[in-house]
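Q:
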Amino acid sequence: MDPKEILIEITSGNSTRLYMGLLNICWTANKDALSNLYKNKDIILSHIENSDLNKPDLVKRAFRVLENNEAGRCRCNIYEKDILSDPENEEKEEVIRIDKEIKFHELYETHYNVTCLRCMRRYFVKKIGGGHRPIWEWKTS
Numbered sequence: 269m270d271p272k273e274i275l276i277e278i279t280s281g282n283s284t285r286l287y288m289g290l291l292n293i294c295w296t297a298n299k300d301a302l303s304n305l306y307k308n309k310d311i312i313l314s315h316i317e318n319s320d321l322n323k324p325d326l327v328k329r330a331f332r333v334l335e336n337n338e339a340g341r342c343r344c345n346i347y348e349k350d351i352l353s354d355p356e357n358e359e360k361e362e363v364i365r366i367d368k369e370i371k372f373h374e375l376y377e378t379h380y381n382v383t384c385l386r387c388m389r390r391y392f393v394k395k396i397g398g399g400h401r402p403i404w405e406w407k408t409s
């Protein structure tokens, strides 16, 4: 998504659109877009503080993504501290490659072996819960 569109979402004054804008920061793998958004971090923070959005984990993650990108670190550095990084979305953004996927339907779990395409670090990922809000546990392997 274009950084201007993300900023429009965040500054709309609507908490649902703010939420979506923060999610879009988290899902964006484009380094230039993230750098542009980082330059506007004070505006973003001001709109978060003046909203009724109560999603501290999402806010932390969005800023972690921005700061990680600005520091020039590989995107995969955020994965082990984050439960919202879906390997299937990361693969669509061409950040990682899913090497293996095993579904355990009775446990509502999916296990992945993945490789970061930027630094070649390998991870074992466990998706827990197949319902409304799954989480992903990332561990280097």
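According to the numbering used here, the residues represented by the sequence shown are 269 to 409, in order.
For each residue, glycine too, the CB sits at the ideal point set by N, CA and C.
Going by DSSP in three states, HIS268 sits in which element: helix, strand or coil?
A: Given that the chain is displayed from residue 269 to residue 409, the structure contains no residue 268 and the question cannot be resolved.
Q: Can you find at least 3 beta carbon pairs, one from the segment 277-287 and one from the segment 305-320, that sit closer than 8 angstroms?
A: Contact between the segment 277-287 and the segment 305-320 is present, because at least three Cβ pairs lie under 8 angstroms.
Q: Three or more C-beta pairs closer than 8 angstroms, one from the segment 336-346 and one from the segment 373-391: is that the case here?
A: Verdict: yes, contact present.
Q: So what does ARG346 bridge to, in DSSP terms?
A: The residue asked about is misnamed: residue 346 is Ile in this sequence, not Arg. Its beta-bridge partners do not exist; DSSP assigns none.
Q: ILE312 to CYS294, Cα distance in whole Å?
A: Looking at the two C-alpha atoms, the distance is approximately 14 angstroms.
Q: Give me the residue from LEU290, TYR376, VAL333, GLU361 with the minimum Cα distance to PRO402.
A: Of the listed residues, the one whose Cα sits closest to PRO402 is TYR376.
Q: If you reduce the DSSP assignment to three classes, tell me which class GLU362 lands in.
A: GLU362 falls in the coil class under three-state DSSP.
Q: Taking the Cβ atom as the reference point for each residue, do GLU358 and ILE364 lie within a distance shorter than 8 angstroms?
A: In this structure, ILE364 lies closer than 8 angstroms to GLU358 by Cβ.
Q: Need the endpoints of the alpha helix (DSSP H) that ILE311 sits in, please.
A: 309-317 is the extent of the alpha helix (DSSP H) around ILE311.
Q: Between LEU302 and the rest of its own chain, which residues show a CB-CB distance below 7 angstroms, the 5 nearest in sequence each way excluded?
A: Contacts found: THR296, VAL333, LEU334, ASN337.
Q: Taking C-alpha atoms, which residue in TYR391, MET288, ILE366 lies nearest to LYS349?
A: With distances taken between Cα atoms, LYS349 lies closest to TYR391.
Q: Whole angstroms is fine: what's the gap from ASP310's alpha carbon to ILE278's?
A: Approximately 12 angstroms, taken between the alpha carbons.
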